[in-house]
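*Asks:* Going by the UniProt record's numbering, 110 is the number at position 110 of the sequence shown; the sequence numbering is gapless.
There's a structure below that I have some questions on.
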Amino acid sequence: MQSETAIQTLKLLGASPIAMSQAEVYTSLQQGILDGAENNEFALTIARHGEVARYYTYDMHTRIPDILLMSTLTLEKLTPEQQRIVEAAIKASIEFEKAAWDKEIEKTRLAAVKDFNVEFYEIDKKPFQKAVQPIYDGLKNKPAALRAVSTYPDSKKLI
Numbered sequence: 001m002q003s004e005t006a007i008q009t010l011k012l013l014g015a016s017p018i019a020m021s022q023a024e025v026y027t028s029l030q031q032g033i034l035d036g037a038e039n040n041e042f043a044l045t046i047a048r049h050g051e052v053a054r055y056y057t058y059d060m061h062t063r064i065p066d067i068l069l070m071s072t073l074t075l076e077k078l079t080p081e082q083q084r085i086v087e088a089a090i091k092a093s094i095e096f097e098k099a100a101w102d103k104e105i106e107k108t109r110l111a112a113v114k115d116f117n118v119e120f121y122e123i124d125k126k127p128f129q130k131a132v133q134p135i136y137d138g139l140k141n142k143p144a145a146l147r148a149v150s151t152y153p154d155s156k157k158l159i
């Protein structure tokens with residue numbers, strides 16, 4: 001991820017981030033150019049990172065949300081009943097996606113353990129949250145960014 005926020009986050013966590021394509025990550029881990037990488041569990045099996053990275057830590061330093069967008073012009077053309085149906089379908093799809101994601105993650109974790117002997121670790125997130133607090137503090141000077149973050153009230157549950 002080549003964004004200033006991502007780079008700043010990793011620096012605050014004590015890393016020396018290197019922006020590179022995902023295609024280069026495996027070889028860089030293998031050759032010792034990198035001593036760690038960030039990605040979801042699927043990289044361990046699909047990109048075979050589990051062959052060269054045997055430890056996976058859940059520090060939750062970033063979460064990338066899935067967002068469903070709909071034009072208000074289109075929504076307003078619907079009857080109130082149709083709007084309720086769309087809203088119910090959205091809620092159902094969210095629950096379906098979460099369950100499907102969790103199921104696939106669990107299958108991937110089991111495969112990473114079985115195929116590559118990857119070890120997974122849950123850690124105390126509080127020190128990480130404290131380390132990246134300057135990013136949140138910096139939002140105070142960026143009203144548009146602060147509004148964007150506060151638009152998603154559930155985002156605080158992920159932190």
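For glycine and all other residues, C-beta sits at the position ideal for the given N, C-alpha and C.
Buried or exposed, going by whether 16 or more other CB atoms sit within 10 Å of the CB of L34?
*Replies:* buried
*Asks:* Cα separation between A19 and Q2?
*Replies:* 6 Å
*Asks:* What three-state label does DSSP hand T57 in the structure shown?
*Replies:* Strand at T57.
*Asks:* Would you call the CB atoms of T62 and T9 closer than 9 Å?
*Replies:* yes
*Asks:* Taking contact to mean at least 3 C-beta pairs separated by less than 8 Å, is the stretch 44 to 54 in contact with the stretch 68 to 88?
*Replies:* With fewer than three CB-CB distances shorter than 8 Å, the stretch 44 to 54 does not count as touching the stretch 68 to 88.
*Asks:* Taking A112 and T27 to be in contact with their CB atoms under 8 Å, please state how far apart those CB atoms are, rounded to whole angstroms.
*Replies:* Between T27 and A112 the Cβ distance is about 19 Å, and since that is not below 8 Å, they are no contact.
*Asks:* Can you tell which of E104, K103, L68, E106 has its C-alpha closest to the C-alpha of I90?
*Replies:* L68
*Asks:* Can you find the residues in the same chain that come closer than 6 Å, C-beta to C-beta, to L12, ignoring five residues on each side of it along the sequence?
*Replies:* Closer than 6 Å at Cβ, skipping near neighbours: A131, V132.
*Asks:* By the three-class DSSP mapping on this structure, what secondary structure does E104 have?
*Replies:* Three-state result, E104: helix.
*Asks:* I need the DSSP call for E119, collapsed to helix, strand or coil.
*Replies:* Under the three-state reduction of DSSP output, E119 falls in the strand class.
*Asks:* Just to confirm before moving on: does the CB-CB distance between D59 and I135 stay below 9 Å?
*Replies:* By the CB criterion at 9 Å, D59 and I135 fall outside the cutoff.
*Asks:* Assuming the contact rule is C-beta atoms closer than 8 Å, E41 and I105 should be a hit. Round their C-beta distance to whole Å, please.
*Replies:* Sure, about 5 Å apart at Cβ, within 8 Å.
*Asks:* Distance check for K103 and F96, CA to CA, integer angstroms please.
*Replies:* 11 Å
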